[in-house]
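First residue of the sequence shown: 2, per the working numbering; consecutive thereafter.
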Amino acid sequence: MFEIESYKKKFDSNKVQVLDNGKYPYIVRMGSNNGQKGFINEDESFLNDGNTISFGQDTATMYYQELPYFTGDKIKIVKAKDKRFSKKNAQFFLSTMKKSFSAFSWGASSFNVDIIKAQKITLPILSNNKIDFEFMDSFIADIEAERISKLNSYLVATGLKEYTLTAKEQKALIDFEQAEFKEFKVTDIFDVNNSKSILSRDIIADSGTTPYLCASADNNAVSTYIAYDKQHIDTGNCVFIGGKTFVVTYQEHDFYSNDSHNLILHLKDAEKSKSNQLYLATCVKKGLSHKYSWGDSISNRKIQKDIISLPVKNEQPDYAIMETLISAMKKLVIKDVILYVNNKTQQYSPNILNNSSEACPL
């Protein structure tokens, strides 16, 4: 089904200039961003073919690469022998390939060529034992339509479908460039308290609807949702700081915490909202992260002396511009997602979008 080829040339990341933008991707063994570390400008004769799968030998990370690309070390180029192999059905192949390699541990014999070639994958076939490419294309299309339908419904339900900046938001972005800033003590802006504490061994995961926070950088610090004694609950609509991790998040709802070293910052101003607190959480993170680490963690005592820089109006924090800026940033960030969803929606008939979950159960 595939030919396993070596890269045309290895480019070490510490010996090349990796750019944020460019013409040709630089593919390494990383487990995110489709394996792409960035872009590099090198001799095009060393480009590997597009419409192939990049395979990280000691990590078994594999991604479809649509365009020609350069590679780092220990990357194999998996090239299909059948010309019907494409971007769409590649996702089907990747799924079954990942399943085939799932039993291997990280670094297993560096997944040498013989090991890769010896692996078997399961594919749909026709009555004549030929690979059913049409089924794979249709199957992936149905899955994509289902996901697009769900994403579109989420955007509508959360009010994120509108990405055009209002005149007020445009003005706020322009004015922000010349905004006046002033330093404030954290305790002048927030009431700071330690959270209550419930050990993870004392909870039952997924037993309720109240967030249980563990100060992780993932999932807005929410570990699970639990039911527990209400006297241990902390009040939401606040900025939450992981005491040991210095993960800073905004918590909209009441919650339970796993550690009394975590800090809760309630904005003193009566105009507090989700948006201006998202701005403030960013200020706290950016303004104080250089001071704290796992071995030198933040505490209620230490934060009493800390300061953050905020935009001001009449020498007071300008919460209105903070709110407008966050509103504008949400639209700027979500714009590409909305355009992607709109474009994909046009590719599918309403029936496919409405019934995709039934058409392709997972």
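All residues carry an ideal CB built from backbone N, CA and C; glycine is no exception. From a predicted model like this one, the values you see are computed outputs, not experimental measurements.
By the Cβ rule, the segment 266-278 counts as touching the segment 320-334, because three or more pairs are nearer than 8 Å. Linking D74 to K89 through their CA atoms gives a straight-line distance of about 27 Å. In the structure shown, N42 adopts coil according to DSSP, grouped into three states.
Annotation: the segment 168-220 contains the following complete segments of the alpha helix (DSSP H) (minimum length 4 residues), in chain order: 168-177, 187-190.
Only residues of its own chain outside the window of five on either side were considered, and among them P212, G237 have a CB closer than 7 Å to the CB of H254, listed in chain order.
Under the Cβ criterion (8 Å, minimum of three pairs), the segment 198-218 does not count as touching the segment 340-348. Contact annotation: the segment 284-296 does not touch the segment 153-173, with fewer than three C-beta pairs closer than 8 Å. The segment 141-153 makes contact with the segment 327-346; the number of CB pairs closer than 8 Å reaches 3 or more. Taking a C-beta distance under 8 Å as the contact criterion, G32 and T53 do not qualify as a contact pair.
One thing to note: Q37 has its Cβ no nearer than 8 Å to the Cβ of T188.
L152: member of the alpha helix (DSSP H) spanning 134-158, first to last residue. Judged by beta-carbon spacing, T246 lies within the 8 Å limit of A216, meaning their Cβ atoms are closer than that value. Annotated as distal: I122 and I5, with beta-carbon spacing of 8 Å or more. Listed in chain order, the non-local C-beta contacts of L68 below 8 Å within the same chain comprise Y25, P26, G51, local neighbours out to five positions each way being set aside. With respect to N49, Y8 sits close: the two C-beta atoms are nearer than 8 Å. In the DSSP assignment, the residues bridged to G57 are I76. When the beta-carbon positions are compared, S261 and N195 come within less than 8 Å of each other. Between D133 and I126, the gap from beta carbon to beta carbon is short of 8 Å. The beta carbons of K82 and F136 sit no closer together than 8 Å. By the criterion of a C-beta distance shorter than 6 Å, T97 is surrounded in its chain by I122, T123, once the five residues flanking it on both sides are discounted. Unbroken beta strand (DSSP E) stretches of 3 residues or longer found wholly inside the segment 278-348: 308-314, given in chain order. The alpha carbon of F102 has as its nearest neighbour, out of N130, D59, F71, I78, the alpha carbon of D59.
Distance check between E43 and each of Y155, Q18, Q66 places Q18 closest, using alpha-carbon atoms only. Around the beta carbon of E324, 16 or more other beta carbons lie within 10 angstroms, which makes this residue buried. Apart from sequence neighbours up to five positions away, the residues of its chain that approach S298 with a beta-carbon distance below 6 Å are G244, K245, ordered along the chain. Around the beta carbon of Q252, 16 or more other beta carbons lie within 10 angstroms, which makes this residue buried.
Residue state for N90 is assigned as helix, using DSSP reduced to three classes. In the structure shown, S274 falls within a coil segment according to DSSP collapsed to helix, strand and coil. Using a Cβ distance threshold of 8 Å, F40 and G57 do not count as a contacting pair.
Distance from the Cα of L95 is smallest, within the candidate group Y65, K131, G160, for Y65. H267 places its beta carbon 8 Å or farther from that of C284.
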